[in-house]
Each structure stands twice: as C-alpha cells, then as structure tokens.
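Working notes, beginning with the structure itself.
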Amino acid sequence: MIDQSTVLLFITVAIASAVEATEALTILLASGITRGWRSTFEGALLALACLAVVVLAIGTALIQYVPLYILRTVVGTLLLIFGLQWLTKAILRQTGFKAAHDEHDIYDKEVAALSKEQQGIRGQRDSLAFAVSFKGVLLEGMEVVMIVISFGLATQSGNQLVTASLGALLGVGVMVAIAAAVAGPLTKVPENYMKLGVGCLLTVFGLFWMGEGVGVEWPLDDVFILVLLAIIVLATVGLIAYFGRVHERRLEVAAH
Amino acid sequence: MTTDNSGSKVWKAVRGFFAFWKDFLVGDSPVLALGVVIILCVAYILRGSAVWAPTAAVILVLVLIAFTVWQKTWTRRCAS
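These protein sequence lines map, in sequence, to chains D and F. Per the numbering used here, residue 1 is the first one in the first sequence, and the count goes up by one each step. Per the numbering used here, residue 257 is the first one in the second sequence, and the count goes up by one each step.
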C-alpha cells in the first residue's frame with residue numbers, strides 16, 4: 001500500500017527535477033544548436049552517469065552506516081535550508097522584487113557566448129560543447145541528487161531511494177519530451193509556480209524530518225505533514241499578497 | 257617548483273570544494289542558514305515537550321520566511 005508521504009515524496013522530487021531540468025535543457029539547447037549535438041549529448045550523458053554514481057554510492061553508504069536519527073537531522077536541516085531558499089526567492093519573484101527567471105534571455109546569452117568561440121574540426125569532439133553541457137547538467141543536477149538522496153533515506157518507511165530516483169527520472173523525462181517537441185527553450189513552463197510549490201514541500205519535509213531527528217514528537221504523526229503544508233502554503237499566499245502590495249506602492253511612489 | 261605547483265593546485269581544489277558547498281548551502285542568504293541552525297537548536301532543547309517543540313519550530317520557520325523576504329525587499333530595488 002502506498003502511503004501519502006510516499007506520494008508527496010514522489011511529486012516533490014518530480015517537480016524539483018523538472019525545474020532543474022528546464023534550466024539544464026536551456027544550456028543544452030544553446031550548446032547543441034550552436035556547437036553541434038554529438039559533443040553536447042556526450043557531455044550531458046557523462047554528467048548524468050556521474051550523478052547516478054553519486055546517488056548510488058552516497059545513498060547506499062549512508063543507509064548502511066549512519067543511524068536513522070542522524071540521517072533525518074542532517075537531511076532535514078539541508079532540505080529546510082534548500083526549501084527556504086527556493087521559497088523565499090519564489091516569493092520575491094512573485095511579488096516583483098526579483099526578476100523572473102527568463103529562459104529565453106539565458107538561452108540568447110548562451111548562444112551568443114558559444115557562437116563567439118571558434119568551431120571545432122568537423123568529426124572531432126567539440127571540447128567547449130562537451131564542457132558546457134557536462135558542467136550545466138552536473139551543476140543543475142547536483143541539487144536534484146541531494147534531494148533524491150535526502151528523500152530516499154529519511155522517510156518513515158525506510159529506504160525510498162528507488163521511488164525518489166523514479167520521481168526524478170519522470171520530472172526530467174517530461175521536460176526532455178517537451179523540449180524535443182517545441183525544439184526551443186522552455187519559456188512557457190511556469191517555473192516560478194513550480195519553484196513555489198517545491199519550496200513549500202521541501203520546507204515542510206525538511207522541518208518534519210529535522211524535528212523527528214532531534215526527538216520532536218509531531219502530533220498526528222505523518223498526517224501532520226499535510227497540516228504543515230497547509231500552514232506554509234497559507235503563510236506563502238499571505239506574504240505574496242502583502243509584499244505584492246508593498247511592491248506596487250513603491251512603484252507608485254517611484255512614478256511620482 | 258613542481259611541489260609548489262602541485263601544492264597550490266591542491267589548495268585551489270580544497271578552496272573550490274568548500275566554496276562550492278558554501279554557495280550550495282548558504283548562497284546569498286546567510287540569515288536562512290543561521291535561522292535553520294537556531295530552529296534546530298530550539299527544537300532540540302524543547303524536544304521533551306509535546307506542545308512547545310512543534311509549536312516553536314513551526315512559528316520560528318514562519319518568522320524566518322517573513323523576516324528573510326522583508327530583509328530582501330529592503331536590500332533590493334523593484335525588479336520591474
């Protein structure tokens with residue numbers, strides 16, 4: 001029987017992976033179109049292989065040698081920091097205090113930068129395309145790896161590494177399919193709403209596991225995750241409404 | 257000379273490693289990281305109380321979110 005926290009875990013990892021995949025795909029598209037697809041794919045595949053090795057090596061080692069309460073404390077603390085970073089940035093973007101993530105702008109800048117460099121010899125590996133795609137996928141993927149390992153190890157039902165990995169693969173797979181269909185940067189993806197959602201979920205899971213790790217007894221056990229989610233979502237909506245008005249007032253003052 | 261070069265490369269790699277993790281965990285919001293550590297300590301101290309530990313943890317997280325957003329709105333100009 002699949003419990004609610006497993007479903008929430010799967011959804012959270014899938015959305016987080018989709019957000020990071022959107023950013024990585026923008027870099028891959030720019031590299032592939034300007035420098036060629038072969039070296040771009042090779043760099044991306046090597047980075048994905050490295051990330052998979054990190055998940056398997058670190059994940060398996062941690063579950064075998066580290067006590068669960070220590071894992072939950074560390075993992076919860078990391079997830080809470082990640083979640084709050086995502087959430088506060090998404091609130092600032094939603095209210096207008098921070099510029100929205102513009103994939104088209106990032107794509108144009110990447111294309112301009114890559115076009116300046118001299119093209120490699122046809123038939124040989126383009127080291128620039130390889131390096132750019134490798135670095136892009138590795139850096140964007142590292143956060144997903146941390147989330148997959150954290151969610152995979154800290155759940156009530158024990159090792160959920162496979163569930164978390166499947167969630168990550170689904171998120172990435174959906175974005176790759178959309179990118180292949182539109183053959184351009186994923187500008188229509190509601191990235192900020194996804195980041196808001198993931199920020200709320202990471203904050204909730206992080207707080208819950210960090211608390212469990214240090215011995216806090218949450219009322220209602222696992223069901224309290226939903227209560228926490230409701231509290232964080234309501235607070236987020238309230239903050240967006242309040243700071244959105246603050247932003248509007250500042251714009252009005254600046255206009256006069 | 258070779259030892260100096262390899263020494264500086266190792267030192268550069270070590271600094272790069274810590275810079276990566278600092279950027280990863282702290283980023284541009286040291287207040288968030290510090291706040292989470294404070295919440296962790298408070299939850300640990302109050303862990304014996306079934307009422308105060310969860311209540312304090314939730315309230316502190318809400319205060320941390322609100323404070324961080326408020327702080328950033330004062331340090332940033334409007335984006336649009």
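In this text, a Cβ means the ideal position worked out from N, Cα and C, and glycines have one as well.
Asked                                                                                                               : Found
Rounded straight-line distance, which links the Cα of residue 7 of chain D to that of residue 170 of chain D        : 13 Å
Proximity test, Cβ basis, 7 Å: residue 80 of chain D and chain F                                                    : yes
Under the three-state DSSP convention, the category residue 36 of chain D falls into                                : coil
Given 8 Å, three or more beta-carbon pairs between the region 204-215 of chain D and the region 53-60 of chain D    : no
Residue environment, residue 310 of chain F, which counts as buried when at least 16 other CB atoms sit within 10 Å : buried
DSSP three-state assignment for residue 190 of chain D, whether helix, strand or coil                               : coil
Reduced DSSP category for residue 160 of chain D - H, G, I as helix; E, B as strand; rest coil                      : coil
Interfacial residues, the region 307-325 of chain F to chain D, with Cβ spacing under 8 Å                           : 309, 310, 313, 314, 317, 318, 320, 321, 322, 324 and 325
Short Cβ contact (7 Å threshold) for residue 202 of chain D with residue 83 of chain D                              : yes
Status (buried if at least 16 other CB within 10 Å, exposed otherwise) for residue 267 of chain F                   : exposed
Min CB distance residue 275 of chain F to chain A below 7 Å                                                         : This model lacks chain A altogether; the protein chains it does include are D and F.
Helix, strand or coil at residue 228 of chain D according to DSSP, with G and I counted as helix                    : helix
Test: residue 168 of chain D CB closer than 7 Å to a CB of chain F                                                  : no
Residue 67 of chain D - containing alpha helix (DSSP H), residue span                                               : Unbroken run through residue 67 of chain D: none, as it is neither H nor E.
Simplified DSSP state of residue 286 of chain F, which is helix, strand or coil                                     : helix
Local Cβ density within 10 Å of residue 257 of chain F, reported as buried at 16 or more and exposed below that     : Bear in mind that a pLDDT of 47 at residue 257 of chain F, under 50, signals an unreliable position, so the model cannot answer this.
Whole alpha helix (DSSP H) elements within the region 269-327 of chain F, 4-residue minimum                         : 286-301
Residue 217 of chain D - DSSP class collapsed to helix/strand/coil                                                  : coil
Under 8 Å by beta carbon: chain F residues contacting residue 19 of chain D                                         : Near residue 19 of chain D there are no residues of chain F at all, since even the closest Cβ is about 16 Å away, more than 8 Å.
Residue 281 of chain F at chain D interface by Cβ criterion, 7 Å                                                    : yes
Beta-carbon proximity list for residue 336 of chain F, same chain, < 7 Å, skipping 5 on both sides                  : Bear in mind that the predicted position of residue 336 of chain F carries a pLDDT of just 48, short of 50, making it too unreliable to give a figure here.
Counted within 10 angstroms of its Cβ, other Cβ atoms place residue 60 of chain D as buried (16 or more) or exposed : exposed
Presumed contact (8 Å Cβ cut-off) between residue 146 of chain D and residue 46 of chain D, rounded CB distance     : Residue 146 of chain D to residue 46 of chain D, Cβ: 20 Å. No contact.
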